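Student: Below: one structure in structure tokens.
Residue numbers (this note's numbering): 1 to 76.
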């Protein structure tokens, strides 16, 4: 208690309880971080699988354009 009988404000906020806004922000940041990690891992796994397939020569990947026909390229 200070001299005039009032309590001084704590400078560092307590860790608990968190306000509803802080809970929502924390949950959203965790959720978005998990999504980013998930897509990063899925993309890397896909790239590794494609490299293994191309290295062993089992499947030849043909990129089909939405042009004249399947696998054909139109010269503009």
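Backbone N, C-alpha and C fix where the C-beta goes; we use that ideal spot for every residue, glycine too. Just so you know, these numbers come straight off a predicted model, no measurement behind them.
1) Who are the near neighbours of residue 43 in its chain, counting only those whose CB is closer than 6 Å to its CB and skipping five residues on each side?
2) So what's residue 19 in DSSP terms, helix, strand or just coil?
3) Pull up the distance between the alpha-carbon of residue 20 and that of residue 26, whole angstroms please.
4) Quick one: Cα of residue 31 to Cα of residue 24, how far?
5) Measure the alpha-carbon distance for residue 29 versus residue 54 and round it to whole angstroms.
6) Using the beta-carbon count (16 or more within 10 Å), is residue 17 buried or exposed?
Tutor: The short version:
1) Counting from 1 along the chain shown, the entry for residue 43 is found at position 43. Within the same chain, residue 43 has no close Cβ partners at all.
2) Here residue 19 is taken as the residue at index 19 of the chain shown, counted from 1. Correct three-state label for residue 19: coil.
3) The sequence position of residue 20 within the chain shown is 20, counting from 1. The sequence position of residue 26 within the chain shown is 26, counting from 1. Whole-angstrom Cα-Cα distance: 10 Å.
4) Along the chain shown, read from residue 1 onward, the residue named residue 31 stands at position 31. Along the chain shown, read from residue 1 onward, the residue named residue 24 stands at position 24. One C-alpha to the other measures close to 10 Å.
5) Position 29 of the chain shown, counting from 1, holds the residue named residue 29. Position 54 of the chain shown, counting from 1, holds the residue named residue 54. One C-alpha to the other measures close to 37 Å.
6) Translated into the one-based positions of the chain shown, residue 17 becomes position 17. So residue 17 counts as exposed.
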